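As structure tokens, the structure follows; a few thoughts come after it.
Numbering (our numbering), first residue to last: 93 to 277.
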């Protein structure tokens, strides 16, 4: 037990707000990649992506945040847990699976929120493509627009990977805006 206590104190954040909000415990027996996760996560990602892109071009843009989806998926997850069949498919085979492994859990909720967050964020290069069409009256082919968008996204992910050691991994680095979402779990 002393090992567990010392390990959890070592893993705990030196920032008081983070230590009080983020638990250092984990239950590895909870299922994560479930039918519910993929269904609700994909739905949240696609819906938020569509809504934010659609309403982003209005005179008064409307933004639907990932927290909205994070709150909305809780009753949907519990509804799916109580209504989706518990039947085991391919029983006795290597690829045995079920669509409903049990209660809706926090790990599924976190992963669905990650799906929703990736759909809620807008791709900044879309503004370049739109500006060229609207202000310069130039036509951009779908391939060029897609390449511009993908290039900027991949470049951003590359820089994030380069600076991960400095901006993510140190325990002293914390992002207060993320604590709001974490506290809802």
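Even glycine gets a Cβ: it sits at the ideal position worked out from N, Cα and C.
Quick caveat, the model's predicted, so the values are computed rather than measured.
Just tell me which of 204, 263, 220, 194 has its CA closest to the CA of residue 122. 194
Alpha-carbon to alpha-carbon, residue 190 and residue 183: 9 Å
With DSSP as the reference, identify every bridge partner of residue 189, one or two as the case may be. 181
Confirm, please, whether the CB-CB distance from residue 129 to residue 206 is below 7 Å. no
Span separating the alpha-carbon of residue 275 from that of residue 196: 18 Å
Would the stretch 104-122 and the stretch 171-188 be scored as touching if the rule is three or more Cβ pairs under 8 Å? no
Counted within 10 angstroms of its Cβ, other Cβ atoms place residue 162 as buried (16 or more) or exposed: buried
For the alpha helix (DSSP H) that contains residue 169, what are its first and last residues? 158-175
Taking the alpha-carbon positions, what's the residue 173 to residue 167 distance? 10 Å
Which runs of the alpha helix (DSSP H) fall wholly inside the stretch 101-139 and span at least 4 residues, in chain order? 108-113
Straight-line gap, residue 105 to residue 244 (C-alpha atoms, nearest Å): 33 Å
Below 8 Å on the Cβ atoms is my contact criterion, and I expect residue 165 with residue 136 to pass it. Report the Cβ-Cβ distance as a whole number of Å. 6 Å
Is residue 268 helix, strand or coil when you go by DSSP? helix
Note down the Cα distance separating residue 231 from residue 237, rounded to an integer number of angstroms. 10 Å
With a cut-off of 8 Å on the beta carbons, I'd call residue 241 and residue 218 a contact; round off their distance for me. 7 Å
Measure how close the beta-carbons of residue 139 and residue 169 come, nearest whole angstrom, since I'm counting them as under 8 Å. The Cβ separation is near 15 Å, so there is no contact.
Residue 110 to residue 260, Cα distance in whole Å? 14 Å
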